[in-house]
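Contents: one structure, followed by commentary.
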Amino acid sequence: MKNSTVKESSSSNSAVERALTILEFIASKKEPVGVGEIAETLNLAKSTTHRILEALKNKQFIEQIETTEKYDIGIKAIEVGMSGLTNWNIVDVSAPHLKQLAMDINETAFLAVYDQGEIVYVYKAEGNQAVITNAQLGTRKPIHCTSLGKAIASNFHIEEVESILKERGMPKYTDRTITDSQKYFEELSKVRQLGYAMDDEEVEEGLTCFAVPIFNYTGHAIAAISIAGPTGRILGKKDEIIKSLKDVNNHVSTRLGFVPAMRTNARTY
């Protein structure tokens, strides 16, 4: 009985893998593709390929062109993919503005998105005076010490922030890192009032960052952009940096469908 269950599970996994491989192949093609080409390219039996195609078609992950009987990507696959499109759209919309921002300020500009209690760096643009930091693309950082994390979290409900801090903790990176939740809530209240957040050498000594949140069409803060650099230089052009960040925020958020009146009302900290 146990061997039968294992065999059935293995067979099921194999079928799922073949279905996903076929779906990826169809999606990679610029034009509809026939069952013969799919089977030959993927080294699958034609009967097996046809059976999987029918299953995918029934679930609307692919569609069959009536005149040619070839297959193209379907509406369901597009709907599923939409859940991941938002962040990529943010990169596409933000990149030109961040490049210009980095050139104008002559420092490093970052874009980060929120994901499961942390921020993830997804884009970086460097000015001529850019310095090397440990914030590389794909790096995940906490919300309690980064300016990007603070900018996003300042728009969350207090219960959500409390839950994140309880799960993730508030590790200390430098002597300036905020490790007390009450002080952090006071910081978030200040961020919300001012419209920008600051990392005051809280992650790396000698490195200061300013950040503002990015809002989407739902009114939620889903990302943030920042300028980072040596503390002396950054503080020396603080006003210029904050104004420029807010200008970029306005452009990007508007492109993502944000209307100020839709802004989510976070509970008072």
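The working numbering puts the first residue of the sequence shown at 935, with every later residue one more than the last. Glycine residues also receive a C-beta, built at the ideal position from the N, C-alpha and C atoms.
Under the three-pair Cβ rule at 8 Å, the segment 1036 to 1056 counts as touching the segment 1152 to 1170.
ILE1086 and ILE1077 do touch by the CB rule: their CB atoms are close to 7 Å apart, below 8 Å. With at least 16 other beta carbons inside 10 angstroms of its own, ASP1133 counts as buried.
Ranked by Cα distance from GLN1050, the options GLU1094, ASN1089, ILE1007 are led by GLU1094. Looking from the CA of THR1142, the closest CA among THR1080, ILE1024, ILE972, SER1178 belongs to THR1080. In this chain, TYR1107 is not harboured by any beta strand (DSSP E), its DSSP state being neither H nor E.
In the structure shown, VAL1047 adopts extended strand secondary structure according to DSSP, grouped into three states. Remark: fewer than three beta-carbon pairs, one from each stretch, lie closer than 8 Å, so the segment 1021 to 1032 and the segment 1115 to 1132 are not flagged as touching.
Looking at the DSSP output, THR1042 sits in a beta bridge with GLU1060, ALA1162. Taking C-beta atoms under 8 Å as the contact rule, LEU1082 and ILE1053 qualify, at a distance of about 5 Å. Under the three-state reduction of DSSP, GLU1135 is assigned to coil, being neither helix nor strand.
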